[in-house]
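Enquirer: Those protein sequences? They're chains A and B, same order as listed.
Position 133 of the first sequence, counting from 1, maps to 133 under our numbering, and the rest follow consecutively.
So our numbering is basically just the index in the second sequence, starting at one, shifted up by 1000.
All C-beta atoms in this analysis are idealised placements derived from N, C-alpha and C, irrespective of residue type, glycine included.
Sharing a structure with you now.
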Amino acid sequence: MIRFLLRRLAQSLLLLWLVSVIGFAVLHLAPGGPLAEFTLIPGMTTAQLKLIAHQMGLDRPLPVQYWEWFRRMLVGNWGRSYRDSQPVLDVIASHLGPTLELMVSSTIIAILLGTWVGVLGAIRRYSVFDYLATVGAMIALSIPTFWFGLVVIYIFSVELAWLPAGNLYTIGNGSFVDYAVHLISPSIVLALVTIAIWSRYLRASMLEVVNQDYIRTARAKGMPERTILFRHTIRNALLPMITIAGLQLPTLLSGALVTETVFTWPGMGRLFLDSIGYRDYPVVMGILMFSAVLVLLGNLIADLLYAAADPRIRLD
Amino acid sequence: MAVAADITPRESPKRRARNRALARFVRHRLALFGLGAIIVLVLLCAVGPYLWPYNDLRIDISHRFAVPFMSAHILGADALGRDLFARLMIAGRVSLTVGFAAMAISTVIGTLVGTVAGYFGGAVGSMLMRFVDAVLCFPSIFLLLALAAFVQPNLFTITLVIAATAWMEVARVVEAQIRSLRERDFALAARVLGASDAHIMFRELLPNAIAPIVVASTLNVARAILLEAYVSFLGYGIQPPTPSWGNMLNNAQEYLATAPWLALLPGLFIILAVTGFNFVGDGLRDALDPRLDIT
């Protein structure tokens, strides 16, 4: 167990290092560069630009710049935002809350709905419901998140006027209900893809479990179908889903960026988009690294949880 | 799972067999529907603009926000009075071209990386595959935006950028295939006969891995069309006035209350194209993989 953990940690660190090299290369080899913002200022001379580049350390060779950045990152100094000179980690931290709220609430919706659809599809295999769920899941995976967001806004905010069209809360109204109401639409929008994926995998997992000997044993002992379903089938079918949930993190983060844009939600995704617009390299790099850490951590935690939940799995 | 027992054992075998046949038929029909949708869309976008009286860029301010089905602008007009149907067809050319081209490029990159990694294995293979893993650590939209924001956006660069974020799945599929094919007798025979590595890789092994590549690249077209829509919607893809299904939506949100069709219609075209490729890809997977039972 300890050995497994150490090996996985070492692998994750190696991947993170690769991620940092790729991210740094992408941002710094691209034309334009961090100086692009300054060239737009009227009256800026080449000499001044050179001075700025020197002061920002941009005139040094790339490997040196990378090493400087990497060394500081390891001790928690991720640089300062070009936009407002705030430390990158502080900037990310201040936008993390809304994104996590959105991800957690949409995951809860997705797991509840996806489990219901997946279980029902597996129990009534080849039924009309099952076909609709199968086709519906494939269509759901083909819908652009931003378009679904616009449709939800149109129906629930414009036509029915039930839900707000965006933002974290109504200014001047900080009540819990107000927060919760604002969370509904974006969570549903972000949940769509996860519902589709979750229900498909769970259905397959259910069908795998019903062929197991212990289900036959349970049935042979005369256990009621309902008890078999809830106590044995669903519980066991949910186990491998822990891994699926871990693997969904990158998709969820991508979806969050788009959802946040449509619903003017002040989270990390919007921060990323804004930072790209401002050519704010340290923040862009910081968010890329941060999301990679989240993804790797998610996978690691999923593996550990799976091992903890299923005693048949031996980690070594 | 060749013969999967149903959860409800009361169901008669006869009914189950009939239902499975039905499942095959429906699955097949979905693939046919997908193919049909793709053909119709491609024809519409390729030929349609020549037959349609309106130009996609012609501004006609007196007809701005024309409502669909109410005038000669059959699908309505946008904020500048440009005909929406004409724009959707031209946008379709852009989006479908990006989809196909990005698929082709990402398939070539993915196949090359996967073949080399799978064939040589060892240090080279694991280095290449770790690189694939590392790229997959980035949420795709984040990577796509980071790349797209720093290039001069046009059809060519956006296609390259999308291909650069979509080749990893193909590489994984191909690597797994080649790694197992390498151990087969025919590969060994080729090696004994003195065939070069390149010959074994591309002449002996790769043709046997074509089926999963075809499936993966069909699904990749769907993915590329979606990614183009995302990046264009977010403002870093195909730039106006050239329409693409994605960028037609980027100021549609402003007019959601007064002209909702501006947001709805491009999205429906995207969904039609993407489901089309997804259905075909899924059908191909069922058709090409004999081990897979239809579930």
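With 8 angstroms as the limit, tell me which residues of the region 1243–1264 of chain B have their beta carbon closer than that to any beta carbon of chain A; keep them in chain order.
Expert: Gly1246, Leu1249, Ala1252, Gln1253, Leu1256, Ala1257, Pro1260, Ala1263, Leu1264
Enquirer: Check whether chain A comes within 9 angstroms of Ile1200/B, counting only Cβ atoms and requiring the distance to be less than that.
Expert: No, no contact with chain A.
Enquirer: Under three-state DSSP, which class holds Thr45/A?
Expert: Coil.
Enquirer: Quick one: grab the DSSP three-state call for Asp1083/B.
Expert: strand
Enquirer: Quick one: give me the first and last residue of the alpha helix (DSSP H) that Val262/A is part of.
Expert: 249–262
Enquirer: Please check if any C-beta of chain B sits within less than 9 angstroms of the C-beta of Ile337/A.
Expert: Residue 337/A is absent from the structure shown; chain A starts at 1 and stops at 316.
Enquirer: If you measure between the beta carbons of Val1174/B and Ile1225/B, is that distance less than 9 angstroms?
Expert: no
Enquirer: Would you say the region 237–244 of chain A touches the region 1126–1146 of chain B, given that touching needs at least three Cβ pairs under 8 angstroms?
Expert: no
Enquirer: Please classify Phe1142/B: is it buried, with 16 or more other beta-carbons within 10 angstroms of its beta-carbon, or exposed?
Expert: buried
Enquirer: From Ala309/A to Cys1137/B, what does the alpha carbon distance come to, in whole angstroms?
Expert: Rounded to whole angstroms, Ala309/A to Cys1137/B spans 25 angstroms at the Cα level.
Enquirer: Which of helix, strand or coil does DSSP assign to Asn1251/B?
Expert: Asn1251/B: coil per DSSP, three-state reduction.
Enquirer: Using C-beta distances below 8 angstroms, list every residue in its chain close to Ser105/A, excluding the 5 sequence neighbours before and after it, in chain order.
Expert: Leaving aside the five residues that flank Ser105/A on each side, the residues in its chain whose CB is nearer than 8 angstroms to its CB run, in chain order, Leu183, Ser187.
Enquirer: Does the beta carbon of Tyr154/A sit closer than 9 angstroms to a beta carbon anywhere in chain B?
Expert: Interface criterion met: the Cβ of Tyr154/A is under 9 angstroms from a Cβ in chain B.
Enquirer: For the putative contact between Ala1117/B and Tyr1255/B, defined by C-beta atoms under 8 angstroms, what is the C-beta separation to the nearest angstrom?
Expert: The pair is not a contact, with the Cβ atoms about 49 angstroms apart (cut-off 8 angstroms).
Enquirer: Can you say whether Leu1265/B is buried or exposed, counting buried as having 16 or more other CB atoms within 10 angstroms of its CB?
Expert: buried
Enquirer: Looking at chain B, which residues of the region 132–145 of chain A have a Cβ within less than 9 angstroms of any of its Cβ atoms?
Expert: Listed by position along the chain: Thr134, Val135, Met138, Ile139, Leu141, Ser142, Ile143, Pro144, Thr145.
Enquirer: Quick one, which of Leu1288/B, Asp1286/B, Asp1282/B, Ala1287/B has its alpha-carbon nearest Leu141/A's?
Expert: Asp1282/B
Enquirer: So what's Thr1295/B in DSSP terms, helix, strand or just coil?
Expert: Its pLDDT being 43, under 50, Thr1295/B is placed unreliably in this model, and the coordinates cannot settle the point.
Enquirer: Report the residue ranges of all alpha helix (DSSP H) runs contained in full by the region 1154–1237 of chain B; include only those spanning at least 4 residues, in chain order.
Expert: 1155–1164, 1168–1181, 1185–1192, 1210–1233
Enquirer: Let me see if you follow: with CB-CB separation under 9 angstroms, is Ser187/A close to chain B or not?
Expert: no
Enquirer: Along the chain, where does the alpha helix (DSSP H) containing Ser199/A start, and where does it finish?
Expert: 176–209
Enquirer: Is it true that the CB of Leu229/A sits closer than 9 angstroms to the CB of Leu294/A?
Expert: no
Enquirer: Where does Pro1139/B sit, in a helix, a strand or coil, going by DSSP?
Expert: coil
Enquirer: Determine the direct distance from the alpha carbon of Leu239/A to that of Ala302/A, and round the result to whole angstroms.
Expert: 10 angstroms
Enquirer: What residues in its chain sit with their C-beta under 6 angstroms from that of Arg235/A, if we drop five residues either side in the sequence?
Expert: Excluding positions up to five away in sequence, the list is empty.
Enquirer: Indicate whether at least one CB of chain B lies closer than 9 angstroms to the CB of Pro282/A.
Expert: No, Pro282/A does not count as interfacial toward chain B.
Enquirer: By DSSP, does Arg80/A sit in helix, in strand, or in coil?
Expert: strand
Enquirer: Mind checking which residues open and close the alpha helix (DSSP H) that includes Val284/A?
Expert: Note, Val284/A: alpha helix (DSSP H), 281–309.
Enquirer: Please state if the CB of Leu15/A and the CB of Asp1133/B are separated by a distance shorter than 9 angstroms.
Expert: In this structure, Leu15/A lies closer than 9 angstroms to Asp1133/B by Cβ.
Enquirer: Hey, how far is the Cα of Ala1171/B from the Cα of Asp130/A?
Expert: 33 angstroms
Enquirer: If we define contact as Cβ-Cβ less than 9 angstroms, is Trp147/A a contact residue for chain B?
Expert: Contact of Trp147/A with chain B is assigned, a C-beta pair being separated by under 9 angstroms.
Enquirer: Within its chain, find whatever has a CB closer than 8 angstroms to the CB of Ile109/A; leave out the 5 residues flanking it on each side and keep chain order.
Expert: Ser187, Ile188, Ala191, Ile195
Enquirer: If you count every other CB in all the chains shown that lies within 10 Å of the CB of Ile1007/B, and 16 or more means buried, which is it?
Expert: Because Ile1007/B sits at a pLDDT of 48, beneath the cut-off of 50, its placement in the model cannot be relied upon, and the point is left open.
Enquirer: Between Leu1051/B, Ala1037/B, Ser1071/B, Leu1147/B, which has its C-alpha nearest Ala25/A's C-alpha?
Expert: Here the closest residue by C-alpha is Leu1147/B.
Enquirer: Mapping DSSP to helix, strand and coil, what is Pro98/A?
Expert: helix
Enquirer: Could you tell me whether the Cβ of Leu1030/B comes closer than 9 angstroms to any Cβ of chain A?
Expert: Using a CB distance cut-off of 9 angstroms, Leu1030/B counts as an interface residue toward chain A.
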